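Okay, so the sequence shown: first residue is 1 according to my numbering, each after it adds one.
First comes the structure, then the notes that go with it.
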Amino acid sequence: MGNRYIVAQLAVTPTAGNDVFSLISAANRRLRVLQVVAHGRGATSAAQGFTIGRAAAGTTPGGNITPGKADHTEEPNAVFTAPTTYAAQPTLDANQIPIGFNALGGPIVWNPPKGTLLEARNGEVISLRAASGITWQACSVAALVEED
Numbered sequence: 001m002g003n004r005y006i007v008a009q010l011a012v013t014p015t016a017g018n019d020v021f022s023l024i025s026a027a028n029r030r031l032r033v034l035q036v037v038a039h040g041r042g043a044t045s046a047a048q049g050f051t052i053g054r055a056a057a058g059t060t061p062g063g064n065i066t067p068g069k070a071d072h073t074e075e076p077n078a079v080f081t082a083p084t085t086y087a088a089q090p091t092l093d094a095n096q097i098p099i100g101f102n103a104l105g106g107p108i109v110w111n112p113p114k115g116t117l118l119e120a121r122n123g124e125v126i127s128l129r130a131a132s133g134i135t136w137q138a139c140s141v142a143a144l145v146e147e148d
């Protein structure tokens, strides 16, 4: 088992078609998405949704989130990066997993089967993308990520 980290965007209003954050594995490392939690913080009841899946790297990533240590403070700092902005968004693979929730609702917790459904190695990218066709309201979203 590797070290576990939390990557979160709290009280953010996503932009449809853009990554809320990406997870980019470091060279000679791998990361796995163990869980994603999304929670509506909107003003009215409305469908909201993310997609999560593999992607080709975007252009000029920025706005990096510093992953938080999940298990204990003696873990090493994470080596993977979690950008929130791009000059050009990553190109998603043809198929992603939808994660839906309500803008006024409680949290949705998505657990991949056996915790290893999405794994990235050696610079591969996993994107958490704001779905298109939605009028976005504020929400919070976090991922529990394991790196080794």
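Beta carbons: idealized from backbone N, C-alpha and C, even for Gly.
Being a predicted model, the structure only gives us computed values, none of them experimental.
query	result
Closest by C-alpha distance to alanine 82, when choosing among Arg30, Trp136, Pro61	Pro61
C-alpha gap between serine 45 and glycine 105, whole angstroms	8 angstroms
Stretch-stretch touch, CB-based, cutoff 8 angstroms, three pairs: the segment 21 to 35 with the segment 123 to 132	yes
Coarse secondary structure for proline 98, derived from DSSP in three states	strand
Buried versus exposed, by CB contacts within 10 Å (16 or more), glycine 133	exposed
Assigned exposure category for glutamate 147 - 16 Cβ within 10 Å defines buried	buried
Extent of the continuous beta strand (DSSP E) to which phenylalanine 21 belongs	19 to 24
Glutamine 137 versus alanine 103 - alpha carbon distance	6 angstroms
Residue range of the beta strand (DSSP E) that includes phenylalanine 50	47 to 56
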